[in-house]
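*Asks:* Please find one structure pasted underneath; my questions will follow.
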Amino acid sequence: MNLSYWGTRGSVPTFNLQTQKYGGNTPCVALSDDQTLLILDAGSGIRGLGDSISQDMMDHYDIHILITHFHLDHIQGLGFFKPLYVPGKKITIWGPPVSDTTLRANVGKYFGPPLFPVHLRELPCALTLHEIVPQEPFYIHSYKIVADFICHPGATVGYRISKGNKILSYIPDHEPWLGSVDFPNHAEWTSGYELAKDADLLIHDSHFTNDQYEGKIGWGHCSIQHAIEFAKLANVKRLDLFHHNPEHTDEDLEEYYVRLVDNSLPFDVSLAREGTNVTL
Ligand SMILES: [Zn+2]
Ligand SMILES: [Zn+2]
């Protein structure tokens, strides 16, 4: 499985000299092989990803965009993804079901005035929208995908993606502490556990430190410490800390890493960094 980070920042694009190492674009992760491009979230990072697609890839690749939820930082790049403007190009958007509306209506809120000049119906690509059925596996070529609701405000899913014997778990916005009375002790009662269990790589929310989390309980995000506890509970092989807080500089992130990541942990921990690749 080949994965690349196009956006690792949470909440809002954050570009300055202090964030240039880990990146300022909001969530977008690409998984590619020789026929498929799977894109996890359409934050501002998806613009650069779209620009990087060669003519050969555009002609031959099947493009699927898997959205976790409709918070702006996870869809704000969508209108700037060039393949959407290629006539006839087949593109599929997958997203969570929302009780009183359709996926088309939710994506359509972004496209069209007053927020965007182009209506969804005006896009020249051949766009298909699929609402996810939580816990029901679906297949995109050689990838097996399961999505399920996780603890975050509004209808939000995380994804578990398998290919061959490798498993990637993507849970960018998540507050596992909130849904469990004695987190992290009961796996079966912990939000997201089944998505992350035994994953080769878990990409997970790490928006706060425990001190910062105190005043932000219920906002939908977790601390670096909670992400590590969750990864330990799920028995993952590697954790990439993701959805960096816009207020955290590169220096802050590295200071937290040194202070909060115990190097005797039974798995690897990294700070997800825009512009880097991971092979599983
Ligand atoms: Zn987010
Ligand atoms: Zn969110």
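Quick note on our numbering: the sequence shown kicks off at 9 and runs consecutively. Backbone N, C-alpha and C fix where the C-beta goes; we use that ideal spot for every residue, glycine too. Treat the numbers as computed from the prediction; the structure is a model and nothing was measured.
Just verifying my parser: in three-state terms, what is the DSSP assignment at Y264?
*Replies:* Within the sequence shown, the letter at position 256 stands for residue 264. Y264 falls in the helix class under three-state DSSP.
*Asks:* If you reduce the DSSP assignment to three classes, tell me which class G103 lands in.
*Replies:* As a first step, residue 103 is located in the sequence shown; it is residue number 95 there, counting from the start. Looking at G103 - three-state DSSP - the assignment turns out to be strand.
*Asks:* Beta-carbon within less than 7 Å of L308's beta-carbon, same chain only, minus the 5 sequence neighbours each way: which residues are those?
*Replies:* The displayed coordinates of the chain run from 9 to 288. Any statement about residue 308 would go beyond what the structure contains.
*Asks:* Touching or not, the segment 82-94 and the segment 52-63, by the rule of three or more beta carbon pairs under 8 Å?
*Replies:* yes
*Asks:* Could you check how far apart the C-beta atoms of Y93 and L131 are, in whole angstroms? I think they sit under 8 Å.
*Replies:* Within the sequence shown, residue 93 is the residue found at index 85, counting from 1. Within the sequence shown, residue 131 is the residue found at index 123, counting from 1. Contact flag correct, Cβ pair sits at about 7 Å.
*Asks:* Leaving out the 5 sequence neighbours to the left and right, which residues in its chain are closer than 6 Å to L241 when beta-carbon positions are compared?
*Replies:* Walking along the sequence shown from the start, residue 241 turns up at place 233. Correct list, in chain order: P192 and A195.
*Asks:* Determine contact between the segment 94-107 and the segment 70-79, defined as no fewer than three beta-carbon pairs at a distance below 8 Å.
*Replies:* yes
*Asks:* Label D206 either buried or exposed according to how many other C-beta atoms from any shown protein chain fall within 10 Å of its C-beta, with 16 as the threshold for buried.
*Replies:* For the purposes of this step, residue 206 is identified with residue 198 of the sequence shown, where counting begins at 1. Note on D206: under 16 other CB atoms within 10 angstroms of its CB, so exposed under the neighbour-count rule.
*Asks:* Going by beta carbon distance, what residues of the same chain come within less than 6 Å of L111, once the five residues before and after it are set aside?
*Replies:* Position 103 of the sequence shown, counted from the start, is the residue given in the question as residue 111. G103, L137 and E139, listed in sequence order.
*Asks:* Leaving out five residues on either side along the sequence, give the residues of the same chain with a beta carbon under 8 Å from the beta carbon of E282.
*Replies:* Numbered from its first residue, the sequence shown carries residue 282 at position 274. Closer than 8 Å at Cβ, skipping near neighbours: Y13, W14, G15, T16, R17, Y30, G31, G32, N33 and G53.
*Asks:* Round the Cβ separation of D248 and A280 to the nearest angstrom and send it over; I've been treating them as touching at under 8 Å.
*Replies:* The residue you call residue 248 lines up with position 240 of the sequence shown. The residue you call residue 280 lines up with position 272 of the sequence shown. The beta-carbon separation of D248 and A280, rounded to 4 Å, stays under the 8 Å limit for a contact.
*Asks:* Does DSSP put K205 in a helix, a strand or coil?
*Replies:* For the purposes of this step, residue 205 is taken as the residue at position 197 of the sequence shown. Correct three-state label for K205: coil.
*Asks:* Buried or exposed for V141, going by 16 or more other Cβ atoms inside 10 Å?
*Replies:* Numbered from its first residue, the sequence shown carries residue 141 at position 133. Exposed: under 16 other Cβ atoms inside 10 Å.
*Asks:* Among the candidates V37, P184, S278 and I61, whose CA atom is the shortest distance from the CA of G226?
*Replies:* The residue labelled residue 226 in the question sits at position 218 within the sequence shown. Answer by Cα proximity: P184.
*Asks:* What is the C-beta distance between D181 and T76, in whole angstroms, given that I count them as a contact (C-beta under 8 Å)?
*Replies:* Position 173 of the sequence shown holds residue 181. Position 68 of the sequence shown holds residue 76. Right, their Cβ atoms sit about 7 Å apart.
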